[in-house]
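For any residue, its number in our numbering is found by taking its place in the sequence shown, counting from 1, and adding 945.
Glycine is no exception: its CB is placed at the ideal position from the N, C-alpha and C atoms.
Here is the structure we will look at, set down as C-alpha cells.
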Amino acid sequence: MSLALEKRPKISVIGTGYVGLCTAVGFASKGYSVLACDVDEAKIEKINRGLPPFHEPGLQEKLSESLAKGNLSGVVGQIDRVVGETDLTFVAVGTPSRPDGSIDLQYIESAASNIGRALKQKDTYHVTIIKSTVVPGTTQDIVKPALERESKKRCGVDFGLCMSPEFLRQGSAFQDTVNADRVVVGSFDKQSGDKLEELYRDFYSGHVPPIIRTTLSTAELIKYASNAMLATKISFINTIANICEKIPGADVKVVAAAMGLDRRIGSLFLDAGLGYGGSCFPKDVKALIACSKALGYTPELLDATENVNRKQPLKAVEFCKQQLGTLEGKKIAILGLAFKPDTDDMREARVIPIINQLLKEGATITAYDPVAMHMAQIIFKNKIQYAASTMQCLQKADCCILATEWPEFQKLTPQDFIKNMKQPILIDGRRIYDPQVFGKKMKFVALGLGQPI
Ligand code: UDX
C-alpha cells in the first residue's frame, strides 16, 4: 500500500551527477515533491530546462515530465532552504580519487556541515542519507560529527542518519533507480532506518525488492564489495582470455558461456575485452585497496584485479604491432570512445591508454563514437582526428580497433572494412564479431581467441 499523497515526505537531493539526478527524477517521477540542489549553476539551469547534463537513455523524458508536473525543481546552493523545506535529504556529491587511490571526502564534509547548519534552524525531525560511495567509517566518523557540531543537536535523537548506496549502471541509470535488485538501508539508529525503509517501501510499492537493514559501515562496505566483485569477475575472464590466446582453437566466449551456466558463477560480467572503465570500478577498487591497506591488510586479490585491468587495454596496441610491425606513420581507426555503450562518459575509458600509447609509437589516429566525440575532443584536443561517421573513420586506415560495443558497430560486415580501409585488419577488442565470418574474409584478430581459428 502506498502512502497517501499528503503523507508523502518531501525529498531533497544534494549533488546532481548520475546518482543524484537519477535519484531526484526517480522520486519525482513517482509523484514525490523533490528539490535537487547543486553548486553548479550551469548544471541546474540545464536541469530546470529539462536537459540532463549528461547522456542517459530515458532520463530526459522523465525529467521533463517531472518538471511539467511541478514535482521537481533544481536549486543552486541554498542547502539551508532545501533541508528546511524537506523531510529527507539524499547526499550524492562526488567522491573523487586522490593520487594515492584513496577517496577525497571534501564534498561530503562540506555537504554535511551545510546540512548541519540547516538542521540547527529546523524544529522537525529530518533524516540525512549518504548515497555517495564512501569508504567504511565515513558516515559514522565524518558525517555524523559534522552534523552534530553544526546543528548542536544529537544524531539518533533530534535528527536521523542513514547510508544507502546506489547500484545504478550508466546507460540504464534511470531504470536501475526505479527497479532495484536490492536496497541497502544502513542506519545510525532504528528510527532513522525505519523512516528510510518506509520511504523505499512506498517508492517501490507493488514490487518492493529485498531490503537489507544494517549498520552504516556495513552498508558502505556492501557497495565496495559489490563493485570489487564485479571488477574481479571482469579481470578474471580477461585472464582466461589471455590464456586462451596461447591455446590454438580456444575461445574465451565459449568458455565464458559454458561457465555462466553454472548457477554458482552466473553469466553476467564475464565478457572478456579491453577491461573495465567508467567512474566507479577503477575508483572503487583503488579506494577499497587504499582503505584496506590503511587498516593494515593488503588485499592481494584486489591488487591483481587492478593490475590485470591496467595492462589489458595495451593488448590492443600489441595486436596492432604484431600486424603492422612499426606503428610509425600508420593510420589507426578507433571505433568507440565511451567507456561503454549508451553513455558519453569517457572517464577511465579503455581507449585513453590505447590512444596515448599508439601516439607514442608514432601512429596517427582517427576516432569515431556515436555520442562521446565532444568528450574525446576535451581529452585529446588536436592530437587525433575526429570522424563524422564509421565509414569516414575507416577511410584509408591500416588497422581498426573496435573499443566500445555500440549496437551500430555490431551491424558492420567484413565488406564495410574491406571497402574503406587501406588494408583490412580488424582488432575486435570487445568480441562483438563472429570470427567464422570475419576471419574468413579479412585479417581479423579477436581478443581471447587462440589462433588459428
Ligand atoms: C558499475 C556497476 O555496475 C554499478 O552497480 C555501480 O553502481 C557503478 O559501477 P557502470 O560503471 O555504469 O556501473 O558500468 P558497468 O556496466 O558495470 O560496466 C563497467 C565497465 O566494465 C565498462 O567499462 C564495461 O565495458 C566493463 N565490462 C562490464 C566488461 O569489460 N565486461 C563485462 O562483462 C561487463
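Nearest CA to the CA of residue i: which residue from the options?
i: Ser1150; options: Ile1346, Asn1124 and Arg1099; result: Asn1124
i: Asp1032; options: Gly995, Leu1144, Ser974 and Lys1014; result: Leu1144
i: Asn1331; options: Arg1376, Trp1351, Ile1372 and Ile1277; result: The sequence as given places Tyr at residue 1331; Asn does not occur at that position. When only C-alpha atoms are compared, the closest one is Ile1277.
i: Asn1172; options: Arg1295, Ala1201, Ser1224 and Val1130; result: Ser1224
i: Val979; options: Asp985, Ala987, Lys1386 and Gly965; result: Gly965
i: Gln1322; options: Trp1351, Phe1354, Ala1283 and Gln1381; result: Ala1283
i: Gly1105; options: Gln1360, Asp1229 and Ser1096; result: Ser1096
i: Arg1114; options: Ala1312, Asp1287, Phe1362 and Lys1367; result: Asp1287
i: Ser1132; options: Met1320, Asp1147, Ile1234 and Val1088; result: Val1088
i: Leu1092; options: Pro1044, Phe1383, Glu986 and Lys1065; result: Lys1065
i: Ser1180; options: Lys1256, Arg1146, Gln1368 and Val1200; result: Lys1256
i: Lys1401; options: Ala1342, Asn1301, Lys1341 and Val1262; result: The requested residue 1401 does not occur in the structure, where the chain is confined to residues 946 to 1398.
i: Val1028; options: Pro997, Lys991, Thr1069 and Ala1013; result: Thr1069
i: Asp1126; options: Ala1202, Ile1157, Val1072 and Gly1116; result: Ile1157
i: Thr1184; options: Lys1260, Asp1373, Asp1289 and Leu1206; result: Lys1260
Under three-state DSSP, which class holds residue i?
i: Leu1012; result: helix
i: Leu1394; result: strand
i: Ser1237; result: helix
i: Ala1312; result: strand
i: Val1199; result: helix
i: Ala1164; result: helix
i: Met1108; result: strand
i: Tyr963; result: helix
i: Gly1222; result: coil
i: Leu1231; result: Looking at the sequence shown, residue 1231 is not Leu but Lys. Three-state result, Lys1231: helix.
i: Arg1208; result: coil
i: Gln1381; result: helix
i: Lys1388; result: strand
i: Arg1127; result: coil
i: Leu948; result: coil
i: Gly1083; result: Looking at the sequence itself, residue 1083 is Thr, so the reference to Gly does not match. Thr1083: helix per DSSP, three-state reduction.
i: Ser1150; result: coil
Is it the case that the Cβ atoms of residue i and residue j are separated by a distance below 8 Å?
i: Leu1357; j: Thr1335; result: yes
i: Gln1268; j: Lys1388; result: yes
i: Ile1060; j: Val1079; result: no
i: Arg1376; j: Gly1395; result: no
i: Ile1346; j: Ile1279; result: yes
i: Ser1011; j: Val970; result: yes
i: Cys1344; j: Ile1370; result: yes
i: Pro1154; j: Val1128; result: yes
i: Ala1312; j: Met1291; result: no
i: Phe999; j: Tyr963; result: yes
i: Ala1186; j: Gly1046; result: no
i: Val1230; j: Glu1251; result: yes
i: Gly995; j: Ser1009; result: yes
i: Phe972; j: Phe1148; result: yes
i: Ala927; j: Ser1109; result: Absent from the structure is residue 927, since the part of the chain shown begins at 946 and ends at 1398.
i: Ile1299; j: Val1262; result: yes
i: Phe1383; j: Pro1359; result: yes
Which word fits residue i, buried or exposed, when buried means at least 16 other C-beta atoms lie within 10 angstroms of its C-beta?
i: Pro1227; result: buried
i: Asp1086; result: exposed
i: Gly1270; result: exposed
i: Thr1034; result: buried
i: Ala1057; result: buried
i: Thr1349; result: buried
i: Gly1274; result: exposed
i: Glu951; result: exposed
i: Arg1094; result: exposed
i: Gly1199; result: One point to set straight first is that residue 1199 is Val, not Gly, in the sequence displayed. With fewer than 16 other Cβ atoms within 10 Å, it is exposed.
| message | Using 8 Å as the cut-off, can you tell me whether the stretch 1239-1254 makes contact with the stretch 1301-1321, which would need three or more C-beta pairs spanning the two stretches below that distance? | response | Contact between the stretch 1239-1254 and the stretch 1301-1321 is absent: fewer than 3 CB-CB pairs across the two stretches fall below 8 Å.
| query | At a cut of 8 Å, does the stretch 1090-1103 reach the stretch 1188-1199 through at least three beta carbon pairs? | reply | No, the stretch 1090-1103 is not in contact with the stretch 1188-1199.
| Quick one: any contact between the stretch 1037-1057 and the stretch 1069-1079, if contact means 3 or more CB pairs under 8 Å? | Output reads yes: the stretch 1069-1079 touches the stretch 1037-1057.
| request: Count the CB pairs spanning the stretch 1179-1193 and the stretch 1152-1163 that are closer than 8 Å, and state whether there are at least three. | output: Judged by Cβ distances under 8 Å, the stretch 1179-1193 makes no contact with the stretch 1152-1163, as fewer than three pairs qualify.
| message | Tell me whether the stretch 1195-1213 and the stretch 1123-1139 touch, counting them as touching only if at least three CB pairs, one residue from each stretch, are closer than 8 Å. | response | Contact fails: fewer than three Cβ-Cβ distances are below 8 Å.
| query | Counting pairs of Cβ atoms below 8 Å between the stretch 981-990 and the stretch 951-960, do you hit three or more? | reply | As far as the Cβ criterion goes, the stretch 981-990 touches the stretch 951-960, which means the pair count is three or higher.
| Stretch-stretch touch, CB-based, cutoff 8 Å, three pairs: the stretch 1114-1133 with the stretch 1174-1181 | Contact fails: fewer than three Cβ-Cβ distances are below 8 Å.
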